[in-house]
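*Asks:* Below you'll find the structure I mean.
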Amino acid sequence: MNVNVCVQDDNGMTALMYVCENPLLTSIIKKLVLDSNCLNLLDKNGENSLFHALCNKDALYELIGTSININQKNNNNDTVLLHCCKNEIYEPIELLTLNNEIDVNITDSENKTAAMYLAEKAKFKELRSLNKRNCNYDFVNKRNESVLSIIIQKMYSSNEEKVCGEFVQYLHILTMLIHFNCSFNLPVDDDENTAIMVFMIVNDMTTLSYVLNYSNNYDLSIKNKFGENASSLAMKLNDNLAIIKKIVNHSTFDINYIDPHNKNTMLMLSVMNKSMFINQFIEDDVNSLNSVNSKDESALIVATKLENEDSVKKLLKYEIININQQDYLGNTALYYAVDLRNFEIIKSMIRGNADMNIKNKIGKSPLDLANEIGDKELLNVLLHPESYSHIEKENPLKSKQTLSNKYQETYEYLYPWIKNHFSEFTMTKSILSIEKSYFFKIKANIENTYDNKFKKGYYRFYGYH
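Each residue of the sequence shown is one higher than the last, beginning at 375 in my numbering.
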């Protein structure tokens, strides 16, 4: 007797759809799929038989080997893969990716991909399985969302308990993105900061170090919407010398960075609190030695106002330095050294032939200022620097409090142009412990592998080939 297996009921359901929902009837599926005409019939929800087989592994296996449209979208604009990811039906995903025709990069009505939904739920294994079908992990939607941005948001959320519970899964995904050579240049928050910038903002030096060492796809010159980049943040925020050296010596380090708000150069940032890079920066860009910011301050003036004696001495070793540069007030570096009563810097300036008679815009020179202050010791070091040998180690007249009150705007040069969207996150000891343990294990596997070491080490760590 001939039976029309393509008949649909009031709900649009076919015999194949009903059979797919019942594990006891799986043996019948092989016969029903022989009629290709009914494979792509849709029910009232716009769903084909694949949607009805998600809880029946054997039925699903039979269907994915047929010509059924695996990329069919239902009335909610979801493919069967998107439907699984959005509704936390994860078991069928591995099977679905066995079909050569599956498009894992299709977006839904929210302009989000399956990978994004899996990232939100920290489903590392399922997310990794999409790679064999050319998953575009770097896809960025209209809201600047990507797998990476979702991971960053989840890692540094304010819910500490949740972060600790799932943190290692997010680290798995982050490591996977490195292994797949995904871009770390994508914006990950509303200010268009990159992931590397966020690592510095939240003070996650462990993760930052790992990404810098093992990723080949990051650019330290990419700016956020305020004109800040990873290169400038490293000079302003980071105190980890090993990481700073890694950043400074990277091919994409932005040596030509100029702060769009105050026109400070990379050299000016270095003279404030990272004088070990002064010589390197000048060699890379000798013109920066005499460049000035929006207040006509040179690196020498900035270093003097912050009383960074080491920076001043390094700058003065260059004969081409304009030691008498005047800022917007007409003050020279020597004027500020006198004002701060910094005898060591005054001596260095005079030895460098600084002019003590240059008058500022109110007609006052460094010598005039010294006479006005009326400090005999100050006048002595200014007029007879070689005869002055006693330098106080701790001068109460130039305490941090005094300097902070006097030249607060100079300290503000080190304030980064960012909004901390992760202000409620705290790098706790428990999170730090998770990170150190995780990266120690994976690096051990990577470093103990000889050929194609990152790829093989990554595979060994996760136990698959």
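Using N, Cα and C, we set each Cβ at its ideal position, and we do this for glycine too. Predicted model only: the values in this text are computed from it and were never measured.
With H, G and I counted as helix, E and B as strand and the rest as coil, what does DSSP make of K597?
*Replies:* Looking up residue 597 in the sequence shown gives position 223. Looking at K597 - three-state DSSP - the assignment turns out to be strand.
*Asks:* Determine, using beta carbons only, whether N754 and D729 come nearer to each other than 8 angstroms.
*Replies:* Residue numbering aside, residue 754 sits at position 380 when the sequence shown is read from its first letter. Residue numbering aside, residue 729 sits at position 355 when the sequence shown is read from its first letter. Result no, Cβ atoms of N754 and D729 do not sit closer than 8 angstroms.
*Asks:* CB-CB under 7 angstroms to K688, same chain, minus the five flanking residues each way: which ones, in chain order?
*Replies:* Residue mapping note: residue 688 aligns to position 314 of the sequence shown, counting from 1. Taken in chain order, the residues that qualify are S649, I652 and N653.
*Asks:* From the DSSP output, in three-state form, read off N396 for me.
*Replies:* Working through the sequence shown from its first residue, we reach residue 396 at position 22. Here N396 sits in coil by DSSP.
*Asks:* Find out if the Cβ-Cβ distance for the pair L756, I720 is shorter than 8 angstroms.
*Replies:* On the sequence shown, residue 756 is found 382 positions in, with the first residue counted as 1. On the sequence shown, residue 720 is found 346 positions in, with the first residue counted as 1. Going by C-beta atoms, L756 is nearer than 8 angstroms to I720.
*Asks:* Strictly by DSSP, which residues pair up with N603?
*Replies:* The residue you call residue 603 lines up with position 229 of the sequence shown. For N603, which the question treats as bridged, DSSP gives the partners K597.
*Asks:* Using a 10 Å radius around the Cβ and a threshold of 16 neighbouring Cβ atoms, would you call K528 buried or exposed?
*Replies:* Counting from 1 along the sequence shown, the entry for residue 528 is found at position 154. Counting Cβ neighbours within 10 Å, K528 comes out buried, since at least 16 surround it.
*Asks:* Where does the unbroken alpha helix (DSSP H) through E783 begin, and where does it stop?
*Replies:* Mapped onto the sequence shown, residue 783 falls at position 409. First-last of the alpha helix (DSSP H) with E783: Q782 to Y785.
*Asks:* Give a yes or no on whether the C-beta atoms belonging to N591 and N567 are separated by under 8 angstroms.
*Replies:* Within the sequence shown, the letter at position 217 stands for residue 591. Within the sequence shown, the letter at position 193 stands for residue 567. No, the Cβ-Cβ distance between N591 and N567 is not below 8 angstroms.
*Asks:* Which ranges would you report for the beta strand (DSSP E) in the stretch 425-458 if only whole runs of at least 3 residues count?
*Replies:* Here no run is fully enclosed.
*Asks:* CA-CA distance, W791 and C509?
*Replies:* For the purposes of this step, residue 791 is identified with residue 417 of the sequence shown, where counting begins at 1. For the purposes of this step, residue 509 is identified with residue 135 of the sequence shown, where counting begins at 1. If I take the Cα positions, the gap works out to 34 angstroms.
*Asks:* With C-beta atoms as the reference, is I524 less than 8 angstroms away from E494?
*Replies:* In the sequence shown, counting from the first residue as 1, residue 524 sits at position 150. In the sequence shown, counting from the first residue as 1, residue 494 sits at position 120. Cβ atoms of I524 and E494: closer than 8 angstroms.
*Asks:* For I632, which beta-bridge partners are listed by DSSP?
*Replies:* For this step, residue 632 is matched to residue 258 along the sequence shown. T639.
*Asks:* On the DSSP letters alone, give me the boundaries of the alpha helix (DSSP H) that P740 sits inside.
*Replies:* Within the sequence shown, the letter at position 366 stands for residue 740. Taken as a continuous stretch (DSSP letters only), the alpha helix (DSSP H) holding P740 covers P740 to I747.
*Asks:* How long is the line joining the alpha carbons of I547 and E500, rounded to whole angstroms?
*Replies:* For the purposes of this step, residue 547 is taken as residue 173 along the sequence shown, with counting starting at 1. For the purposes of this step, residue 500 is taken as residue 126 along the sequence shown, with counting starting at 1. Roughly 10 angstroms separates the two Cα atoms.
*Asks:* Determine the direct distance from the alpha carbon of L545 to that of K767, and round the result to whole angstroms.
*Replies:* Locating residue 767 in the sequence shown gives position 393, counting from the first residue. Locating residue 545 in the sequence shown gives position 171, counting from the first residue. Because K767 sits at a pLDDT of 42, beneath the cut-off of 50, its placement in the model cannot be relied upon, and the following sentence gives the value as read from the coordinates. Answer to the nearest angstrom: the Cα atoms are 47 angstroms apart.
*Asks:* Taking 8 angstroms as the cut-off, decide whether the C-beta atoms of N716 and E671 are in contact.
*Replies:* For the purposes of this step, residue 716 is taken as residue 342 along the sequence shown, with counting starting at 1. For the purposes of this step, residue 671 is taken as residue 297 along the sequence shown, with counting starting at 1. No, these two residues do not count as a Cβ contact at 8 angstroms.
*Asks:* Taking three-plus beta-carbon pairs below 8 angstroms as touching, is the stretch 481-495 in contact with the stretch 449-456?
*Replies:* Because the criterion of three Cβ pairs below 8 angstroms is met, the stretch 481-495 and the stretch 449-456 touch.
*Asks:* When you compare only the Cα positions, how much space is there between N647 and I675?
*Replies:* Taking the first residue of the sequence shown as 1, we reach residue 647 at position 273. Taking the first residue of the sequence shown as 1, we reach residue 675 at position 301. Their backbone Cα atoms lie some 14 angstroms apart in a straight line.
*Asks:* Once DSSP output is grouped into helix, strand and coil, what is the label at A707?
*Replies:* The count along the sequence shown starts at 1 and reaches residue 707 at position 333. Looking at A707 - three-state DSSP - the assignment turns out to be helix.
*Asks:* Starting from K687, trace the alpha helix (DSSP H) both ways and give me its first and last residue.
*Replies:* Locating residue 687 in the sequence shown gives position 313, where the first residue counts as 1. Counting along the chain, the alpha helix (DSSP H) containing K687 begins and ends at E683 to L690.
*Asks:* State buried or exposed for P740, treating a residue as buried only when at least 16 other CB atoms are found within 10 Å of its CB.
*Replies:* The residue you call residue 740 lines up with position 366 of the sequence shown. P740 is buried by the Cβ-count criterion.
*Asks:* Should A673 go down as buried or exposed, given a rule of 16 or more other Cβ atoms within 10 Å for buried?
*Replies:* Within the sequence shown, the letter at position 299 stands for residue 673. The residue in question, A673, is buried, as its Cβ has 16 or more Cβ neighbours within 10 Å.
*Asks:* Would you grab the beta carbon distance between V381 and L406 for me? Rounded to a whole angstrom, and I think it's under 8 angstroms.
*Replies:* Counting from 1 along the sequence shown, the entry for residue 381 is found at position 7. Counting from 1 along the sequence shown, the entry for residue 406 is found at position 32. With a Cβ gap of about 12 angstroms, V381 and L406 do not count as contacting.
*Asks:* Alpha carbon to alpha carbon, what distance is there between N664 and M723?
*Replies:* Mapped onto the sequence shown, residue 723 falls at position 349. Mapped onto the sequence shown, residue 664 falls at position 290. If I take the Cα positions, the gap works out to 16 angstroms.
*Asks:* Counting beta carbon pairs with one atom in the stretch 807-820 and one in the stretch 625-632, are three or more of them shorter than 8 angstroms?
*Replies:* Because the criterion of three Cβ pairs below 8 angstroms is not met, the stretch 625-632 and the stretch 807-820 do not touch.
*Asks:* Taking all protein chains shown into account, do 16 or more other C-beta atoms lie within 10 angstroms of the C-beta of D432, making it buried, or fewer, making it exposed?
*Replies:* Taking the first residue of the sequence shown as position 1, residue 432 is located at position 58. So D432 ends up on the exposed side.
*Asks:* Which of the three DSSP states, helix, strand or coil, is assigned to E657?
*Replies:* Locating residue 657 in the sequence shown gives position 283, where the first residue counts as 1. Helix.
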